[in-house]
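Trainee: Got a structure for you, written out below as structure tokens; questions coming shortly.
In the working numbering, the protein residues as written are 300 to 491.
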């Protein structure tokens with residue numbers, strides 16, 4: 300997605316410690332046309348996998364997950380909650396993952412109402428960095444007895460090794476844009 304890569308080059312900000320700020324179009328303010336295109340690109344790569352659910356973590360993964368679901372023919376997008384609302388009945392699927400931007404561990408919770416053994420699940424998130432959040436989502440898929448069919452992210456920071464952390468799931472991992480280096484204040488977007 301050249302448009303996405305161009306936006307990262309123009310508007311991305313390296314905040315240090317591997318944190319990429321792209322708040323102007325994804326993580327705070329959302330560019331609907333760009334996210335719609337991202338959803339279509341994800342759908343094109345995973346249509347043959349026939350997902351019945353898309354799973355993400357709140358908050359920044361919701362928009363690309365919804366757009367991918369829409370492009371796949373209105374596949375429902377389910378997001379793992381970080382705080383249990385009173386409307387979520389027990390038991391729930393729960394796993395934990397570290398938050399790179401918030402610090403500390405966060406719980407991820409999904410109601411069995413919206414994820415079950417018959418589902419074919421595509422995980423969609425905003426970033427793939429260390430892979431630990433996506434790995435926690437994949438463990439939730441496994442706990443539900445559902446089938447993981449793939450993983451898609453808007454941006455991957457390859458220098459953090461997340462793709463290798465997810466290899467044990469044996470599913471395709473797709474990133475729409477890859478960042479290969481953020482050392483010394485740089486943001487190096489791969490042309491692959």
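We put the beta carbon where it would ideally sit given N, CA and C, even for glycine.
Is it right to say residue 485 is buried, meaning 16 or more other beta carbons lie within 10 angstroms of its own, or is it exposed?
Mentor: Translated into positions along the chain shown, residue 485 becomes position 186. Exposed: under 16 other Cβ atoms inside 10 Å.
Trainee: Just list the residues that DSSP pairs residue 408 with in beta bridges.
Mentor: Residue numbering aside, residue 408 sits at position 109 when the chain shown is read from its first letter. Its beta-bridge partners are 380 and 393.
Trainee: Can you give me the C-alpha to C-alpha distance between residue 478 and residue 441, rounded to a whole angstrom?
Mentor: Along the chain shown, one-based indexing puts residue 478 at 179. Along the chain shown, one-based indexing puts residue 441 at 142. For residue 478 and residue 441, the distance between alpha carbons rounds to 29 Å.
Trainee: Can you tell me the Cα-Cα spacing of residue 362 and residue 468, whole angstroms?
Mentor: In the chain shown, the residue the question calls residue 362 occupies position 63. In the chain shown, the residue the question calls residue 468 occupies position 169. Rounded to the nearest angstrom, the two C-alpha atoms are 24 Å apart.
Trainee: Taking buried to mean at least 16 other C-beta atoms within 10 Å of its own C-beta, is residue 416 buried or exposed?
Mentor: As a first step, residue 416 must be located in the chain shown, where it is residue number 117. Label assigned to residue 416: exposed.
Trainee: Distance, Cα to Cα, residue 436 vs residue 414?
Mentor: Numbered from its first residue, the chain shown carries residue 436 at position 137. Numbered from its first residue, the chain shown carries residue 414 at position 115. Roughly 12 Å separates the two Cα atoms.
Trainee: Tell me whether residue 358 is buried or exposed, calling it buried when 16 or more other Cβ atoms sit within 10 Å of its Cβ.
Mentor: Translated into positions along the chain shown, residue 358 becomes position 59. So residue 358 ends up on the exposed side.
Trainee: Helix, strand or coil for residue 489, going by three-state DSSP, please let me know.
Mentor: As a working note, residue 489 is residue 190 in the chain shown. In the structure shown, residue 489 sits in coil (DSSP, three-state: anything other than H, G, I, E or B).
Trainee: Hey, which unbroken runs of the beta strand (DSSP E) at 3 residues or more fall wholly within the stretch 321–393?
Mentor: 352–356 and 376–379
Trainee: For residue 302, report the span of its alpha helix (DSSP H) as first-last.
Mentor: Looking up residue 302 in the chain shown gives position 3. It spans 301–310 - the alpha helix (DSSP H) in which residue 302 sits, taken as one unbroken run.
Trainee: Please classify residue 440: does DSSP put it in a helix, a strand, or coil?
Mentor: Mapped onto the chain shown, residue 440 falls at position 141. Of the three classes helix, strand and coil, the one that applies to residue 440 here is helix, per DSSP.
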